[in-house]
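Residues 4 to 243, numbered by our numbering, are exactly what the sequence shown covers, in order.
Using N, Cα and C, we set each Cβ at its ideal position, and we do this for glycine too.
These numbers come from a predicted model, not from an experiment.
Worksheet: one structure, shown below.
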Amino acid sequence: MQWTHEELERRVRELEPKIAVFDCDGTLWGGDAGFGFMNWSLEQGIVSRSTADWIDTRHRAYRAGSVSEAQICGEMVQIYAGLREEELRRVAAQYVREFVRPQVFTEMESLVKELCAKGTEIWAVSSTNKWVICEGVREFGIPAERVLAAEVRVRDGIIEHEIVDVPTGEGKAAALARVGIARPDAVFGNSVHDLAMLEMGAHAFPINPSPALLEAAARNGWGYYRPRAAQASFTDITGE
């Protein structure tokens with residue numbers, strides 16, 4: 004069943020969740036911010052030409068199915084190794100202002116802010132790099148310490164190559180478990196990569212679901228909501 008905006012709000016309000024978890028790309032805003040930021044930062048000359056060529060080759064291999072989702076999402080963060088984190092935060096903020104904020108689903112932002120005002124503990128979980136996600140959810144009222152996203156080690160302000168986490172698929176549920184969240188009251192996601200996270204929640208809210216997630220929603224008896232501004236084409240990194 005496809006919910007109206009009013010039905011979605013009513014269901015969430017009646018639930019009065021203490022803990023709510025949100026995916027970001029395709030759920031809180033349209034577009035794939037991780038892939039978009041990578042391409043934009045390469046165009047800006049943030050990384051070397053050789054690194055840009057390497058990640059382009061890797062992404063082509065990913066599209067061909069020879070590189071996994073977790074691998075490519077991690078490598079899309081590792082390409083910034085050697086740079087100052089302060090610089091990445093600055094360019095991430097610029098990217099979010101120019102390209103993410105215009106695609107925010109206003110009704111989802113309103114819902115998140117309402118939950119925050121009522122004292123709900125909100126978490127954002129994404130396979131996009133943490134610099135972009137932290138900037139993207141700032142206006143929603145979600146603090147950086149409640150963001151679980153793709154990240155690498157940073158030492159003395161310098162970005163390193165070592166991966167800290169890449170929350171995607173089962174990894175999203177695992178990331179939540181590591182911070183002590185085993186059964187969130189409400190989980191919101193848009194792709195099959197959010198399925199494990201949606202299934203661990205007491206209540207699942209598919210938002211702008213991909214075809215694969217729509218099938219899973221039907222199997223689980225979940226309804227779903229399609230934001231008014233949602234793009235016709237799916238926006239997660241794999242197209243599923």
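With DSSP as the reference, please indicate the residues paired to residue i in a beta bridge.
| i | result |
| --- | --- |
| Gly-192 | Pro-209 |
| Val-157 | Ile-162 |
| Phe-87 | A quick correction: the sequence has Arg, not Phe, at residue 87. Arg-87 pairs with Ile-161. |
| Trp-6 | Tyr-228 |
Give me, in chain order, the residues of the same chain whose beta-carbon lies closer than 6 Å to that of residue i; leave out the 5 immediate sequence neighbours on both sides.
| i | result |
| --- | --- |
| Trp-126 | Val-24 and Arg-149 |
| Leu-151 | Val-128, Pro-170 and Ala-178 |
| Phe-237 | With a pLDDT of 46 at Phe-237, under the threshold of 50, the predicted position of this residue should be treated as unreliable, and no value is reported. |
| Tyr-228 | Trp-6, Leu-11 and Ile-210 |
| Val-190 | Val-24, Met-200, Leu-201, Gly-204 and Ala-207 |
| Glu-124 | Ile-22 |
| Ala-96 | Glu-138 |
Can you tell me whether residue i is buried or exposed? The criterion is at least 16 other CB atoms within 10 Å of its CB, across all chains shown.
| i | result |
| --- | --- |
| Glu-154 | buried |
| Ala-207 | buried |
| Met-4 | exposed |
| Glu-138 | buried |
| Lys-121 | exposed |
| His-230 | Just to set this straight, residue 230 is Pro in the shown sequence, not His. Pro-230 comes out buried. |
| Glu-218 | exposed |
| Ala-64 | exposed |
| Pro-187 | buried |
| Asn-223 | exposed |
For residue i, which of helix, strand or coil comes out of DSSP?
| i | result |
| --- | --- |
| Val-167 | strand |
| Ala-233 | coil |
| Ala-177 | helix |
| Ala-220 | helix |
| Ile-182 | The displayed chain sequence assigns Val, not Ile, to residue 182. Coil, per DSSP. |
| Pro-187 | coil |
Return the chain-ordered list of same chain residues with a C-beta closer than 7 Å to the C-beta of residue i, the five sequence neighbours on each side being excluded.
| i | result |
| --- | --- |
| Asp-239 | Any reading at Asp-239 needs caution, since the residue's pLDDT is 45, under 50, leaving its predicted position unreliable; the model's value is listed next. Counting only Cβ-Cβ distances below 7 Å, and skipping sequence neighbours, we find Asp-28, Gly-29, Asp-35, Asn-193, Ser-194, His-196 and Ser-213. |
| Leu-91 | Tyr-83, Trp-134 and Ile-162 |
| Cys-119 | Ile-125 and Gly-144 |
So, for residue i: in the same chain, excluding its five sequence neighbours on each side, which residues have a beta-carbon less than 8 Å away from its beta-carbon?
| i | result |
| --- | --- |
| Ile-161 | Gly-85, Leu-86, Arg-87 and Glu-88 |
| Trp-43 | Tyr-98 and Phe-102 |
| Gln-81 | Val-155, His-164 and Ile-166 |
| Ala-232 | Gly-33, Gln-106, Phe-108 and Thr-109 |
Open item on the list: Which complete alpha helix (DSSP H) runs does the stretch 95-151 hold, if anything under 4 residues is left out?
Closed with: 109-120 and 133-141
Task: Ranges of the beta strand (DSSP E) found wholly within the stretch 17-83, counting only runs of at least 3 - done: 22-25
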